[in-house]
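>
Number of protein chains: 2
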Amino acid sequence: MELRHLRYFIAVAEEGNFRRAAERVGIAQPPLSSQIKDLEEEIGVPLFHRLPRGASLTEAGEAFLAEVYVIFGQLDYARKMALRGAAGEFGRLRVGFTGSAAFNEAVPKIIRSFRRAYPKVEVTLAELNTLQLLEQLRHRSIDAVFIRPGPTAPEGLTVTYLAEDAMMVVLPSGHRLASEYAIPLSALKNEPLVLHSRSLGPDLYDEVIDACRRAGFEPVIGQVSPQITSIANLVAVELGVSIVPAPLSNINVPGVVFLPIIGDAPRARLALATHPDDHSVVTRNFREQLEGVARVQARPGGNA
Amino acid sequence: MELRHLRYFIAVAEEGNFRRAAERVGIAQPPLSSQIKDLEEEIGVPLFHRLPRGASLTEAGEAFLAEVYVIFGQLDYARKMALRGAAGEFGRLRVGFTGSAAFNEAVPKIIRSFRRAYPKVEVTLAELNTLQLLEQLRHRSIDAVFIRPGPTAPEGLTVTYLAEDAMMVVLPSGHRLASEYAIPLSALKNEPLVLHSRSLGPDLYDEVIDACRRAGFEPVIGQVSPQITSIANLVAVELGVSIVPAPLSNINVPGVVFLPIIGDAPRARLALATHPDDHSVVTRNFREQLEGVARVQARPGGNA
DNA sequence: TTTTTGTGATATCTTTTGCGTATCAATTGA
DNA sequence: TCAATTGATACGCAAAAGATATCACAAAAA
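Chains as they are written, first to last, in the numbering used here: chain A, 1 to 304; chain B, 1001 to 1304.
1) So does the stretch 1180-1187 of chain B actually touch the stretch 1257-1268 of chain B, counting three or more Cβ pairs closer than 8 Å?
2) Is the beta carbon of residue 1268 (chain B) closer than 8 Å to that of residue 1160 (chain B)?
3) Please confirm if residue 86 (chain A) has its CB atom under 8 Å from at least one CB of chain B.
4) Is the shortest distance between the beta-carbon of residue 161 (chain A) and the beta-carbons of chain B less than 8 Å?
5) Could you please tell me which residues of the stretch 1061-1085 of chain B, in chain order, have their CB closer than 8 Å to any CB of chain A?
6) Assign residue 1176 (chain B) to buried or exposed, taking buried as 16 or more other Cβ atoms, counted over all protein chains shown, within 10 Å of its Cβ.
7) Apart from the five residues on each side of it in sequence, which residues of its chain come closer than 6 Å, Cβ to Cβ, to residue 6 (chain A)?
8) Could you confirm whether any beta carbon from chain A is found closer than 8 Å to the beta carbon of residue 1281 (chain B)?
9) Is it buried or exposed, residue 73 (chain A), if we count other Cβ atoms within 10 angstroms and call 16 or more buried?
10) Taking the Cβ atom as the reference point for each residue, do residue 1240 (chain B) and residue 1223 (chain B) lie within a distance shorter than 8 Å?
11) Shortest alpha-carbon distance to residue 1011 (chain B) belongs to which of B:1213, B:1115, B:1022?
12) So which residues of chain A does residue 1004 (chain B) contact, with C-beta pairs closer than 7 Å?
13) Would you mind listing the beta strand (DSSP E) stretches within the stretch 1254-1281 of chain B that are 3+ residues and don't spill past its ends, in chain order?
14) Mind pulling the chain B residues with CB within less than 9 Å of residue 27 (chain A)?
15) What is the rounded straight-line gap between the Cα of residue 127 (chain A) and the Cα of residue 210 (chain A)?
16) Are residue 9 (chain A) and residue 39 (chain A) touching if we call contact CB-CB under 8 Å?
17) Could you name the residues of chain B that residue 97 (chain A) contacts, counting a contact when the two beta carbons are closer than 8 Å?
18) CB-CB under 6 Å to residue 1186 (chain B), same chain, minus the five flanking residues each way: which ones, in chain order?
19) Could one say the Cβ of residue 43 (chain A) lies closer than 8 Å to chain B's Cβ atoms, at least one of them?
20) Name the residue from B:1048, B:1032, B:1109, B:1094 whose alpha carbon lies nearest to the alpha carbon of residue 1280 (chain B).
21) From the beta carbon of residue 1047 (chain B), is the nearest beta carbon of chain A less than 8 Å away?
22) May I have the straight-line CA-CA distance separating residue 1248 (chain B) from residue 1255 (chain B), to the nearest angstrom?
23) Go ahead and label residue 1245 (chain B) buried or exposed: buried means 16 or more other beta carbons lie within 10 angstroms of its beta carbon, across all protein chains shown.
24) In whole angstroms, what is the alpha-carbon distance linking residue 162 (chain A) and residue 145 (chain A)?
25) In three-state DSSP terms, what is residue 168 (chain A)?
26) Report the neighbours of residue 91 (chain A) on chain B: residues whose CB is nearer than 8 Å to its CB, in chain order.
27) Alpha carbon to alpha carbon, what distance is there between residue 1097 (chain B) and residue 1289 (chain B)?
28) Please give the ranges of any alpha helix (DSSP H) in the stretch 71-157 of chain A, keeping only runs that are unbroken, at least 4 residues long and fully inside the region.
29) Please work out which residues of its chain come closer than 6 Å, Cβ to Cβ, to residue 1299 (chain B), disregarding the five sequence neighbours upstream and downstream, and give them in chain order.
30) Hey, how far is the Cα of residue 1235 (chain B) from the Cα of residue 44 (chain A)?
31) For residue 226 (chain A), does the three-state DSSP call read helix, strand or coil?
32) Who pairs with residue 50 (chain A) in a beta bridge, going by DSSP?
33) Strictly by DSSP, which residues pair up with residue 1245 (chain B)?
34) Do residue 1218 (chain B) and residue 1150 (chain B) have their beta-carbon atoms positioned less than 8 Å apart in this structure?
35) Whose C-beta lies closer than 6 Å to the C-beta of residue 1013 (chain B) among residues of the same chain, with five residues either side of it excluded?
36) Taking Cβ positions, are residue 88 (chain A) and residue 287 (chain A) nearer each other than 8 Å?
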């Protein structure tokens, strides 16, 4: 059975007359009769009474007609859904982020506004370290990642800079400097530094180390934190001091204080990275959310 | 767009590979590629990603596929409904009956059992006089009628006899014969007879008149009743006596008594008439209900 | 009644188009 | 670098849809 047959069937049913129906569908009457006959043979029952003054539907034809209308409605719907799918209204988006990136307000804001704009897109979130994120992004097992990149962007990825956060010093409440309003980085000379493992996020790590050197001292690495979000807890139990992006001060950890840095402070960049071969409309739509929400500042770097 | 395109689309979507899909639908790979291309152009968006190792659905394709499955389901359903329609499970049945016929228990029983067997068939009922019923039946504006025919069936109609009711005398309660258990017809000699107009139902009318003549008297026609069901009321106000089919004694009219007739009593036949050119399955199914419910006795008559 | 008109069915020819064969270009894995 | 596998392209053929001419039938008109 073909849709053509069904269109012809509807025409004859509505016109009640093979000649007018043939004219309506743009063919001659004899082939129309032939096609209708084919249709009837395929269904197995006559659909029309051939009367001397036209054709009328049999009961079978009446029942068939009602359902055939539905088919064409469904066909239109299928086409429309395909177009909506092409517009990125469906599908999934796998977003990854590092622990430090999640605390910048832009990240949840972007995800939230995307979900509102495209509620049918299934968004999955994964918090991983920078190394894992970039690995999965290169393998296309994740679509977009929020990272804290170094001054030069990772190679082979499309990177958009979203924001630059100041970094702050984290001290135990009982520390001798804890009552200051702000301190220079050089004040941390000889203090053991709590940092995450360099292998998990080399860029942010290097940023901190470099800043210390610029301030005139070689930092002493104390405890290594498995993830950046637990740095504050390690500081609270007086395993050392640390330097983290300002948005992390929103974590409520008793026993620590966050102090602004005076002078040449390290900066923590926030960026969204995607795969350059990813031409998915969903991913493109997600990138478009950046413009509405975050202050976007493109920066040359790598070959992105 | 044609269903063939959709079948091909499903094959490629499910196989993820043009070659295997082509094999599955029984054509070569190049025409399959061509047809899919046509489909994509018609929808307006690509449905597949052409990868070096096969083809995968785009988001548009995913959305489209889900709806296309529905189309084929609907197509099967349409075919099934056409067959059920051909089996007489849908449609309408216009049933007519005379006032006198409705009181035979077979009539409501047949209609009831048909409605149970074919609940989707729209049954309409019309109470009309015999003349109107036969007129509408000949014009096919009614499908089946219950009538009280004469000894010979109406010409040009298919008639099936269902039952033969005895007739009874109807007397006002205060009548001198009202206290009898049964009376011969001759006892009504000189009594004014309440009857319906002959033009509305000549057969039953003639049956009564003939019976009176066989009983040895010429009946005196008193009041003419507009319809048979109001005869009892006319008798109750003592406008005369009457003779009606026994089932009408079920009407509860105060002030009248129904008496059996002794001897050569008139008989009221009950029959179902349909149009001989009516090959509708619904009508045929209705006739089939007769066998289950009523004692059917075919009688030759007319040319039915 | 006869004639006319309008209906769908049939027969035959034409044209479209779906399909097959052969081949190419691109990518992957050995 | 080469072989294997993928989908796309080119071209010829055959099946099938459609056009034209005509027929048979029945209702309406004369």
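Glycine is no exception: its CB is placed at the ideal position from the N, C-alpha and C atoms. Remember, it's a predicted structure, so these values are computed and weren't measured experimentally.
According to the data block:
1) Yes, they touch.
2) As a first step, residue 1160 (chain B) is located in the second sequence; it is residue number 160 there, counting from the start. As a first step, residue 1268 (chain B) is located in the second sequence; it is residue number 268 there, counting from the start. Their beta carbons are not under 8 Å apart, which means residue 1160 (chain B) does not touch residue 1268 (chain B) by this criterion.
3) Position 86 of the first sequence, counted from the first residue, corresponds to residue 86 (chain A). Chain B contact via Cβ: present.
4) What you label residue 161 (chain A) is simply residue 161 of the first sequence in a count that begins at 1. Not one beta carbon of chain B lies nearer than 8 Å to the beta carbon of residue 161 (chain A).
5) For the stretch 1061-1085 of chain B, residues whose beta-carbon sits nearer than 8 Å to a beta-carbon of chain A comprise 1061, 1062, 1063, 1064, 1066, 1067, 1068, 1070, 1071, 1074, 1075, 1077, 1078, 1079, 1081, 1082, 1083, 1084, 1085.
6) If you number the second sequence from 1, residue 1176 (chain B) lands on position 176. Its Cβ having fewer than 16 others within 10 Å, residue 1176 (chain B) is exposed.
7) Indexing the first sequence from 1 puts residue 6 (chain A) at position 6. So the qualifying residues of the chain are 68.
8) Position 281 of the second sequence holds residue 1281 (chain B). Using beta-carbon distances, residue 1281 (chain B) counts as an interface residue toward chain A, with a partner under 8 Å.
9) Translated into positions along the first sequence, residue 73 (chain A) becomes position 73. Under this definition residue 73 (chain A) is an exposed residue.
10) Stepping through the second sequence from its first residue, residue 1240 (chain B) is reached at position 240. Stepping through the second sequence from its first residue, residue 1223 (chain B) is reached at position 223. In this structure, residue 1240 (chain B) sits near residue 1223 (chain B), with a CB-CB distance shorter than 8 Å.
11) For this step, residue 1011 (chain B) is matched to residue 11 along the second sequence. Closest option to residue 1011 (chain B), Cα to Cα, is B:1022.
12) Walking along the second sequence from the start, residue 1004 (chain B) turns up at place 4. Within 7 Å Cβ-Cβ: 2.
13) Within the stretch 1254-1281 of chain B, the complete beta strand (DSSP E) runs of at least 3 residues are 1256-1262, 1267-1274.
14) On the first sequence, position 27 is the one that residue 27 (chain A) refers to. Residues of chain B passing the Cβ test: none, with the nearest at roughly 15 Å.
15) Locating residue 127 (chain A) in the first sequence gives position 127, counting from the first residue. Locating residue 210 (chain A) in the first sequence gives position 210, counting from the first residue. Straight-line Cα distance between these residues: approximately 26 Å.
16) Walking along the first sequence from the start, residue 9 (chain A) turns up at place 9. Walking along the first sequence from the start, residue 39 (chain A) turns up at place 39. A contact, by the Cβ cut-off of 8 Å.
17) For the purposes of this step, residue 97 (chain A) is taken as the residue at position 97 of the first sequence. The premise fails here: residue 97 (chain A) is roughly 23 Å from chain B at the closest Cβ pair, so nothing lies under 8 Å.
18) As a position in the second sequence, residue 1186 (chain B) is number 186, starting the count at 1. Cβ neighbours of residue 1186 (chain B) beyond the five flanking positions: 1215, 1216.
19) Taking the first residue of the first sequence as 1, we reach residue 43 (chain A) at position 43. At least one chain B Cβ lies under 8 Å of residue 43 (chain A).
20) The sequence position of residue 1280 (chain B) within the second sequence is 280, counting from 1. Selected option, being the one with the closest Cα: B:1094.
21) As a position in the second sequence, residue 1047 (chain B) is number 47, starting the count at 1. The beta-carbon of residue 1047 (chain B) is placed less than 8 Å from the nearest beta-carbon of chain A.
22) As a first step, residue 1248 (chain B) must be located in the second sequence, where it is residue number 248. As a first step, residue 1255 (chain B) must be located in the second sequence, where it is residue number 255. For residue 1248 (chain B) and residue 1255 (chain B), the gap between their C-alpha atoms comes out near 15 Å.
23) Here residue 1245 (chain B) is taken as the residue at index 245 of the second sequence, counted from 1. With 16 or more Cβ atoms within 10 Å of its Cβ, residue 1245 (chain B) is classed as buried.
24) Walking along the first sequence from the start, residue 162 (chain A) turns up at place 162. Walking along the first sequence from the start, residue 145 (chain A) turns up at place 145. Straight-line Cα distance between these residues: approximately 12 Å.
25) The residue given as residue 168 (chain A) occupies position 168 in the first sequence. In this structure, residue 168 (chain A) counts as strand in the three-state DSSP scheme.
26) Against the first sequence, residue 91 (chain A) aligns to sequence position 91. In chain order: 1059, 1062.
27) Counted from its first residue, the second sequence places residue 1289 (chain B) at position 289. Counted from its first residue, the second sequence places residue 1097 (chain B) at position 97. Roughly 16 Å separates the two Cα atoms.
28) Within the stretch 71-157 of chain A, the complete alpha helix (DSSP H) segments of 4 residues or longer fall at 106-117, 130-138, listed in chain order.
29) Taking the second sequence and counting its residues from 1, one reaches residue 1299 (chain B) at position 299. The predicted model places residue 1299 (chain B) with a pLDDT of 42, which falls under 50 and marks its position as unreliable, so this point remains unresolved.
30) Within the second sequence, residue 1235 (chain B) is the residue found at index 235, counting from 1. Within the first sequence, residue 44 (chain A) is the residue found at index 44, counting from 1. Per the coordinates, the alpha-carbon of residue 1235 (chain B) lies some 59 Å from the alpha-carbon of residue 44 (chain A).
31) Along the first sequence, one-based indexing puts residue 226 (chain A) at 226. Assigned with DSSP and collapsed to three states, residue 226 (chain A) falls in coil, not helix or strand.
32) Residue mapping note: residue 50 (chain A) aligns to position 50 of the first sequence, counting from 1. Residue 50 (chain A) pairs with A:55.
33) The residue labelled residue 1245 (chain B) in the question sits at position 245 within the second sequence. Its beta-bridge partners are B:1167.
34) Your numbering for residue 1150 (chain B) matches position 150 in the second sequence. Your numbering for residue 1218 (chain B) matches position 218 in the second sequence. It is not a contact, given that the beta carbons lie outside the stated cut-off.
35) As a working note, residue 1013 (chain B) is residue 13 in the second sequence. The residues are 1057, 1065.
36) As a working note, residue 88 (chain A) is residue 88 in the first sequence. As a working note, residue 287 (chain A) is residue 287 in the first sequence. No.
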